[in-house]
Amino acid sequence: MQQIDIIPPLKDTDVNASPIVLVLGFFDGVHRGHQAVIAAGRAEADKRHLPLAVMTFNEHPAIVYGGADPATFTYLSTKQRKAELMAANHVDILYTVHFTPEFAKLDPQSFVDQYLVGLNAAVVVAGFDYTYGKKDIANMTTLPRYAQDRFEIVEVRQQSEDAIKISSTRVRAALAQANVDLANELLGYTYTTTGVVVHGEARGRTLGFPTANIESGAHETLPGIGIFTVTMVVDGKTYGGMASVGRNVTFGNHRPVTLEINLFDFDGDLYGKDVVVRWYHYLRGEIKFAGVDGLIEQLKQDERNSRAYLDEHNLLK
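What follows is the structure in structure tokens.
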């Protein structure tokens, strides 16, 4: 898959030599709704023997238009992860447009003229709720007027789960509630984060459950507080484990939220390693125990439950 960063204005070197089918959206998470839009684009591209391109953006619209803080905003998929998911969905070209102040000020007609026509789009595909400016004037209903018959338009209907729209907002809400099971159902794949192993308090080792303390990327969304069944990829090898997102409340109040993972059947030094965490199943909430004995017994049960889940779903084979 070819990846092209567009730093406005659009340059001749950004444009594909042949016409393209162009899919529009921000695609945070590339969930099942997004996948349906991309699949519609792939079908159009295959029918016409044209490359399939996706146009996304370097910053979330909530930052550009909603005033969200770019320093603290977290994503369901980082740029690298989004690219991996696009490649998995058979995209040929991934355009990432940078939200410069000038680009953000474009009126709908200028956006269509400069970026849809400008990118040589023969067909433009987007979800029913896609907007490209103020939603009351820059939506899929008004797009034909701006297009002026210069490209075909395919609008993809709403994708639902339990009669509720599948959306990045809904995935975020599920993760915030620690419901990784629902998040995975909406995504259509296993939610994944990355990080580096850093030094922690080393308390888990004294309990018989040594943990890797993971410092996740600043812009990655972690699930809410809870205990989870996970796998972790270290040096290309996948290990089962159980993860804790929490404050270790048994050992004091007002502690910071940390991510700690106890890996099963691992022996080695993890410090400084880059790792990939796949979140499979919510086990329970965080519990404040009266002492370490109760915590140890619960950890033993968590391990049994996690190993059973991993075995049942053949996640390590």
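In terms of the numbering used here, the sequence shown opens at residue 1128 and continues consecutively.
Every residue gets a Cβ at the ideal spot worked out from N, C-alpha and C, and that includes glycine.
* Asked: Between L1309 and Q1236, what straight-line distance do the alpha-carbon atoms span, to the nearest angstrom?
  -> Counting from 1 along the sequence shown, the entry for residue 1309 is found at position 182. Counting from 1 along the sequence shown, the entry for residue 1236 is found at position 109. Distance between the alpha carbons of L1309 and Q1236: 39 angstroms.
* Assigned secondary structure, D1256 (DSSP; H/G/I helix, E/B strand, else coil) -> Along the sequence shown, read from residue 1 onward, the residue named residue 1256 stands at position 129. Coil.
* Evaluate P1271 with the Cβ neighbour count: other Cβ atoms within 10 Å of its Cβ, from every protein chain shown; 16 or more gives buried, anything less gives exposed. => Counted from its first residue, the sequence shown places residue 1271 at position 144. Exposed: under 16 other Cβ atoms inside 10 Å.
* Go ahead and label V1402 buried or exposed: buried means 16 or more other beta carbons lie within 10 angstroms of its beta carbon, across all protein chains shown. => Your numbering for residue 1402 matches position 275 in the sequence shown. Counting Cβ neighbours within 10 Å, V1402 comes out buried, since at least 16 surround it.
* Length-filtered (4 minimum) alpha helix (DSSP H) runs lying within the region 1176-1214 -> 1188-1191
* Would you check if the region 1284-1291 and the region 1353-1363 touch, i.e. whether three or more CB-CB distances between them fall below 8 angstroms? => no
* Mind reading off the beta-carbon distance from E1279 to V1250? Whole number of angstroms is fine, and I expect it under 8 angstroms. => Numbered from its first residue, the sequence shown carries residue 1279 at position 152. Numbered from its first residue, the sequence shown carries residue 1250 at position 123. Yes, E1279 and V1250 are in contact; Cβ-Cβ is about 5 angstroms, under 8 angstroms.
* Alpha carbon of Q1162 to alpha carbon of R1169, nearest angstrom -> The count along the sequence shown starts at 1 and reaches residue 1162 at position 35. The count along the sequence shown starts at 1 and reaches residue 1169 at position 42. So the alpha carbons of these two residues sit roughly 10 angstroms apart.
* So what does DSSP say about N1432, is it helix, strand or coil? -> Locating residue 1432 in the sequence shown gives position 305, where the first residue counts as 1. If DSSP states are grouped into helix, strand and coil, N1432 belongs with the helices.
* **Same chain, Cβ closer than 6 angstroms to L1243, five either side skipped, listed in chain order** => As a position in the sequence shown, residue 1243 is number 116, starting the count at 1. Within the same chain, L1243 has close Cβ partners V1251.
* **Neighbourhood of A1195 by C-beta, 8 angstroms cutoff - its chain only, sequence neighbours within 5 removed** => Walking along the sequence shown from the start, residue 1195 turns up at place 68. The answer, listed in chain order, is H1187, A1189.
* Limits of the unbroken alpha helix (DSSP H) element including Q1236 -> Looking up residue 1236 in the sequence shown gives position 109. First-last of the alpha helix (DSSP H) with Q1236: 1235-1238.
* To do: Can you grab the Cα-Cα spacing for the pair S1371 / L1442, in whole Å?
  => The sequence position of residue 1371 within the sequence shown is 244, counting from 1. The sequence position of residue 1442 within the sequence shown is 315, counting from 1. If I take the Cα positions, the gap works out to 19 angstroms.
* Contiguous alpha helix (DSSP H) assignments of at least 4 residues, all confined to the region 1308-1361 -> 1330-1333
* Asked: Hey, M1369 and E1312: beta-carbon distance below 9 angstroms or not?
  -> Position 242 of the sequence shown, counted from the start, is the residue given in the question as residue 1369. Position 185 of the sequence shown, counted from the start, is the residue given in the question as residue 1312. Result no, Cβ atoms of M1369 and E1312 do not sit closer than 9 angstroms.
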